[in-house]
Amino acid sequence: MLSALARPAGAALRRSFSTSAQNNAKVAVLGASGGIGQPLSLLLKNSPLVSRLTLYDIAHTPGVAADLSHIETRATVKGYLGPEQLPDCLKGCDVVVIPAGVPRKPGMTRDDLFNTNATIVATLTAACAQHCPEAMICIISNPVNSTIPITAEVFKKHGVYNPNKIFGVTTLDIVRANAFVAELKDLDPARVNVPVIGGHAGKTIIPLISQCTPKVELPQDQLATLTGRIQEAGTEVVKAKAGAGSATLSMAYAGARFVFSLVDAMNGKEGVVECSFVKSQETDCPYFSTPLLLGAQKEALPVAPWCPPSPRLSEEVSPGAH
Amino acid sequence: MPKNNAKVAVLGASGGIGQPLSLLLKNSPLVSRLTLYDIAHTPGVAADLSHIETRATVKGYLGPEQLPDCLKGCDVVVIPAGVPRKPGMTRDDLFNTNATIVATLTAACAQHCPEAMICIISNPVNSTIPITAEVFKKHGVYNPNKIFGVTTLDIVRANAFVAELKDLDPARVNVPVIGGHAGKTIIPLISQCTPKVELPQDQLATLTGRIQEAGTEVVKAKAGAGSATLSMAYAGARFVFSLVDAMNGKEGVVECSFVKSQETDCPYFSTPLLLGKKGIEKNLGIGKVSPFEEKMIAEAIPELKASIKKGEEFVKSMK
Chain A
1 MLSALARPAG
11 AALRRSFSTS
21 AQNNAKVAVL
31 GASGGIGQPL
41 SLLLKNSPLV
51 SRLTLYDIAH
61 TPGVAADLSH
71 IETRATVKGY
81 LGPEQLPDCL
91 KGCDVVVIPA
101 GVPRKPGMTR
111 DDLFNTNATI
121 VATLTAACAQ
131 HCPEAMICII
141 SNPVNSTIPI
151 TAEVFKKHGV
161 YNPNKIFGVT
171 TLDIVRANAF
181 VAELKDLDPA
191 RVNVPVIGGH
201 AGKTIIPLIS
211 QCTPKVELPQ
221 DQLATLTGRI
231 QEAGTEVVKA
241 KAGAGSATLS
251 MAYAGARFVF
261 SLVDAMNGKE
271 GVVECSFVKS
281 QETDCPYFST
291 PLLLGAQKEA
301 LPVAPWCPPS
311 PRLSEEVSPG
321 AH
Chain B
1 MPKNNAKVAV
11 LGASGGIGQP
21 LSLLLKNSPL
31 VSRLTLYDIA
41 HTPGVAADLS
51 HIETRATVKG
61 YLGPEQLPDC
71 LKGCDVVVIP
81 AGVPRKPGMT
91 RDDLFNTNAT
101 IVATLTAACA
111 QHCPEAMICI
121 ISNPVNSTIP
131 ITAEVFKKHG
141 VYNPNKIFGV
151 TTLDIVRANA
161 FVAELKDLDP
171 ARVNVPVIGG
181 HAGKTIIPLI
191 SQCTPKVELP
201 QDQLATLTGR
211 IQEAGTEVVK
221 AKAGAGSATL
231 SMAYAGARFV
241 FSLVDAMNGK
251 EGVVECSFVK
261 SQETDCPYFS
271 TPLLLGKKGI
281 EKNLGIGKVS
291 PFEEKMIAEA
301 IPELKASIKK
311 GEEFVKSMK
């Protein structure tokens, strides 16, 4: 079973004191003016872990940066506008988070975004490979099941590929699983931990309710409904927004949670575990999300105690996760 | 209100401030119920936020018919609703649109949650607070200790700018800001800053001017795309958390806010307030100020009085 997943302070208002002396993370957000990028940047700016926040987009970043720079926390904030300014946004970064791209509209799958978002991610990650090849790269842009392999191939082309530093952010699936289980079982969601493995689209999202802490028992029909709800939660929000977009605020929360876990681990905190879609030997699928023990630069290792899924589930997952 | 069970409503929850503000509120263990109202998009915003792994239930309410249910049982109502400035506009230019919005929303508060703390973000705050007060009076439920004009962003900015200037950690800087919430009515009391800071007069004047015009600085930087949203969400959340902490019994919670006041001959004025279970526990007053600050107070009062009167007259002329 997994140890408790690291939880960030959420909206860590400025008076939360970190015990770590190494609160100097330089974080870049690519796509900072978007629906996810803006609230994500707010959560990052609010954190005492971040010393420098650089915001890149093709529009609006000077205004977003001016806005955030007024907040009474230590991170400096600077906006970068357009491709010519992207290198300066990236140089010296420890972590790069990429929410850039277009969101789904009702009726679309994450894969329908491929044509637009593949190019965006390829371009942005090429710049990362050139200007901050040592940074941790966290990809939010969908379809994550494809944009992580894209990122890997781009880094290989530049001769700077490190599979331990490229992360597909699936944290929102875990967050949703925790929230839904808590709701169902009348628990405090802050104390619920459900690992979610596989990928980040529909049936490739595999919640491991059997590994939930605290242990929960559910009749099979409820379990199937819960699993389906976790898998389709993104679509649930796309429908509820009726054309106005997809999950932004909850994705900002989840993205910040993942970045804070990563930064804590990079600062030497032990026992930091997050699920993420990464290069993997855990199945015969070259990329797969499992719980990972995060650490200082060189060590992002899959956590050992994870059981392979049942054969039926594994067969459903494998074709889609390539 | 039992501890960690604050029921908070956000009116204008789908807007540029409302959405990130609602995110920060949803993230907090202090909140048990979050109700979100707007004239568009609230079902989607609520669905989005409801997936976050924190305890607050989240529900969206859409349109005036649903407003009462959004408000019933609320402990705190935060109102960011309204239109933002465009370059070249003053906060007062928003009056015509936002006065009606605030009057309508606060009338619903007076009817459906008259005991709640009301926190107004909608500009021009110097007028929308008197509007709120007059509306509550009309409904016979006025309590001056529970109506707050949110000026927290001025304090937040002052802290950030002083920290930047003096190479301090902004988390440890505290500058009270008194008066009102527009241009020269914003009066930062650098002389009362903790830790104590010394500045030559020219730097002090520049710093003061920057704090007063910071809102306009962001409006310009956004070049038509809006005004401060993310920093306003931060500041709004900070104020609500302070209020909820105080309502939960925490002692020594102090925030500046634009409220009914006897501290000057201006009927509404922002000063540091000791917050408590019933809202304003004690007005801590202006305290000791420098001659430079004394002058600013004197010069601000006429403009403040005019803005206040404008708000009061607006309600009086309503049917």
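Those protein sequences? They're chains A and B, same order as listed. When we follow the working numbering, the leftmost residue of the first sequence carries the number 1, and every step to the right adds one. When we follow the working numbering, the leftmost residue of the second sequence carries the number 1, and every step to the right adds one. Note that the Cβ used here is the ideal one computed from N, Cα and C, for glycine as well. Quick caveat, the model's predicted, so the values are computed rather than measured.
Whose CA, out of A:Glu-72, A:Gly-245, A:Ala-179, A:Gly-228, lies closest to the CA of A:Met-108? Counted from its first residue, the first sequence places residue 108 of chain A at position 108. Considering only alpha carbons, the answer is A:Gly-245.
Mapping the DSSP letters down to three states, classify A:Thr-171 as helix, strand or coil. Taking the first residue of the first sequence as 1, we reach residue 171 of chain A at position 171. Secondary structure of A:Thr-171 (DSSP, three-state): helix.
I want to see whether chain A comes within less than 8 Å of B:Ile-178, judged by CB atoms only; does it? Looking up residue 178 of chain B in the second sequence gives position 178. For B:Ile-178, the answer is no, since every Cβ of chain A falls outside 8 Å of its Cβ.
Do the CB positions of B:Val-76 and B:Val-240 come within less than 8 Å of each other? Here residue 76 of chain B corresponds to residue number 76 of the second sequence, with the count starting at 1. Here residue 240 of chain B corresponds to residue number 240 of the second sequence, with the count starting at 1. Contact: yes.
Indicate whether B:Val-45 and B:Ser-14 have their beta-carbon atoms separated by less than 8 Å. Against the second sequence, residue 45 of chain B aligns to sequence position 45. Against the second sequence, residue 14 of chain B aligns to sequence position 14. Cβ distance < 8 Å, so B:Val-45 and B:Ser-14 count as in contact.
At 9 Å on the CB atoms, spell out the chain A contacts of B:Asn-248, in chain order. As a first step, residue 248 of chain B must be located in the second sequence, where it is residue number 248. Here the premise fails: no neighbours, minimum Cβ distance about 16 Å.
Bounding residues of the beta strand (DSSP E) (the contiguous stretch that carries B:Ile-39): Position 39 of the second sequence, counting from 1, holds the residue named residue 39 of chain B. In the DSSP assignment, B:Ile-39 falls outside any beta strand (DSSP E), carrying neither H nor E.
Could you give the DSSP three-state label for A:Tyr-161: helix, strand or coil? As a position in the first sequence, residue 161 of chain A is number 161, starting the count at 1. Per DSSP, reduced to three states, the secondary structure at A:Tyr-161 is coil, with no helix or strand assignment.
With 8 Å set as the bound, which would you pick, yes or no: does the beta-carbon of B:Gly-44 sit closer than that to a beta-carbon of chain A? As a first step, residue 44 of chain B must be located in the second sequence, where it is residue number 44. Yes, its Cβ sits closer than 8 Å to a Cβ of chain A.
Look up A:Thr-225 in the DSSP assignment and say whether it is helix, strand or coil. As a first step, residue 225 of chain A is located in the first sequence; it is residue number 225 there, counting from the start. The answer is helix: DSSP assigns A:Thr-225 an H, G or I state.
Pairing CB atoms from the stretch 34-51 of chain A with CB atoms from the stretch 104-120 of chain A, are three or more of them under 8 Å? no
Below 8 Å on the Cβ atoms is my guess for B:Thr-363 versus A:Asp-67; work out the distance and round it to an integer in Å. Coverage of chain B is limited to positions 1 through 319, which leaves residue 363 of chain B absent and any answer about it impossible.
Does the beta carbon of B:Thr-194 come closer than 8 Å to any beta carbon on chain A? One-based indexing of the second sequence puts residue 194 of chain B at position 194. Not closer than 8 Å to any Cβ of chain A, the Cβ of B:Thr-194 fails to qualify, so no.
So which of A:Tyr-80, A:Asp-186, A:Lys-269 has the shortest CA-CA distance to A:Val-216? Start at 1 with the first residue of the first sequence, and residue 216 of chain A comes out as number 216. Looking at the Cα atoms, A:Asp-186 is the closest of the given residues.
Does the Cβ-Cβ distance between A:Tyr-56 and A:Ala-28 come in under 8 Å? The count along the first sequence starts at 1 and reaches residue 56 of chain A at position 56. The count along the first sequence starts at 1 and reaches residue 28 of chain A at position 28. Closer than 8 Å, so yes.
Give me the Cβ distance between A:Leu-292 and A:Val-278, rounded to the nearest whole Å; I'm assuming they're in contact under 8 Å. By one-based count along the first sequence, residue 292 of chain A stands at place 292. By one-based count along the first sequence, residue 278 of chain A stands at place 278. With a Cβ gap of about 7 Å, A:Leu-292 and A:Val-278 count as contacting.
Reduced DSSP secondary structure (H/G/I, E/B, other) of B:Met-232: One-based indexing of the second sequence puts residue 232 of chain B at position 232. Here DSSP, grouped into helix, strand and coil, assigns B:Met-232 to helix.
If contact is defined by three or more beta carbon pairs under 8 Å, each pair taking one atom from either stretch, is the stretch 156-176 of chain B in contact with the stretch 131-143 of chain B? Output reads no: the stretch 156-176 of chain B does not touch the stretch 131-143 of chain B.
With DSSP collapsed to three states, give me the class of B:Ile-190. The residue you call residue 190 of chain B lines up with position 190 of the second sequence. Note: B:Ile-190 maps to helix in three-state DSSP.
Is any beta-carbon of chain A found at less than 8 Å from that of B:Asn-145? In the second sequence, counting from the first residue as 1, residue 145 of chain B sits at position 145. Not an interface residue.
Distance between beta carbons of A:Gly-199 and A:Pro-99, contact taken as under 8 Å: Counted from its first residue, the first sequence places residue 99 of chain A at position 99. Counted from its first residue, the first sequence places residue 199 of chain A at position 199. About 18 Å separates the two Cβ atoms, so there is no contact after all.
Just to check my reading of the structure: B:Ala-81 and B:Phe-314 have Cβ atoms closer than 8 Å, yes? What is that Cβ distance to the nearest angstrom? Mapped onto the second sequence, residue 81 of chain B falls at position 81. Mapped onto the second sequence, residue 314 of chain B falls at position 314. So it is not a contact: roughly 16 Å between Cβ atoms.
Of the residues A:Leu-81, A:Cys-212, A:Arg-229, A:Ile-206, which one's Cα is nearest the Cα of A:Thr-290? Position 290 of the first sequence, counted from the start, is the residue given in the question as residue 290 of chain A. A:Thr-290 has its Cα closest to that of A:Ile-206, out of A:Leu-81, A:Cys-212, A:Arg-229, A:Ile-206.
What are the boundary residues of the beta strand (DSSP E) that B:Cys-119 is part of? Against the second sequence, residue 119 of chain B aligns to sequence position 119. Residues 117-120.
Quick check on A:Ala-21: buried or exposed, where buried means 16 or more other Cβ atoms within 10 Å of its Cβ? Looking up residue 21 of chain A in the first sequence gives position 21. At A:Ala-21, the pLDDT of 45 sits below 50, so the modelled position is not reliable; the number obtained from the coordinates is stated separately. A:Ala-21 is exposed by the Cβ-count criterion.
Three-state class that DSSP yields for B:Val-175 in the structure shown: On the second sequence, residue 175 of chain B is found 175 positions in, with the first residue counted as 1. In this structure, B:Val-175 counts as coil in the three-state DSSP scheme.
Spatial neighbours of A:Arg-229 within its chain, please: CB distance less than 7 Å, with the 5 preceding and 5 following residues excluded, ordered by chain position. The residue labelled residue 229 of chain A in the question sits at position 229 within the first sequence. In chain order, Phe-180 place their CB closer than 7 Å to the CB of A:Arg-229, counting only its own chain and leaving out the 5 sequence neighbours on each side.
Does the distance from the C-beta atom of B:Ile-286 to that of B:Ile-178 stay below 8 Å? Within the second sequence, numbered from 1, the residue matching residue 286 of chain B stands at position 286. Within the second sequence, numbered from 1, the residue matching residue 178 of chain B stands at position 178. Yes, the Cβ-Cβ distance between B:Ile-286 and B:Ile-178 is below 8 Å.
Taking A:Cys-337 as the reference, which of A:Pro-83, A:Ile-150, A:Phe-167 has the closest Cα? Because chain A in this structure spans residues 1 to 322, residue 337 of chain A falls outside the shown range and cannot be described.
In the DSSP assignment, what residue or residues form a beta bridge with B:Lys-260? Here residue 260 of chain B refers to the residue found at position 260 of the second sequence. BP columns for B:Lys-260 point to B:Tyr-268.
When A:Ile-137, A:Asn-145, A:Ala-254 are compared against A:Asp-94, the one with the closest alpha-carbon: To locate residue 94 of chain A, count along the first sequence from 1; it is residue 94. A:Asp-94 has its Cα closest to that of A:Ile-137, out of A:Ile-137, A:Asn-145, A:Ala-254.
Distance between beta carbons of A:Gly-255 and A:Gln-231, contact taken as under 8 Å: Walking along the first sequence from the start, residue 231 of chain A turns up at place 231. Walking along the first sequence from the start, residue 255 of chain A turns up at place 255. Going by Cβ atoms, the distance from A:Gln-231 to A:Gly-255 rounds to 20 Å, so no, they are not a contact pair.
Looking at chain B, is there any beta carbon in it that lies within less than 8 Å of the beta carbon of A:Lys-241? Position 241 of the first sequence, counting from 1, holds the residue named residue 241 of chain A. True, the Cβ-Cβ gap to chain B drops below 8 Å.
In this structure, does DSSP put A:Ile-139 in helix, strand or coil? Position 139 of the first sequence holds residue 139 of chain A. In this structure, A:Ile-139 counts as strand in the three-state DSSP scheme.
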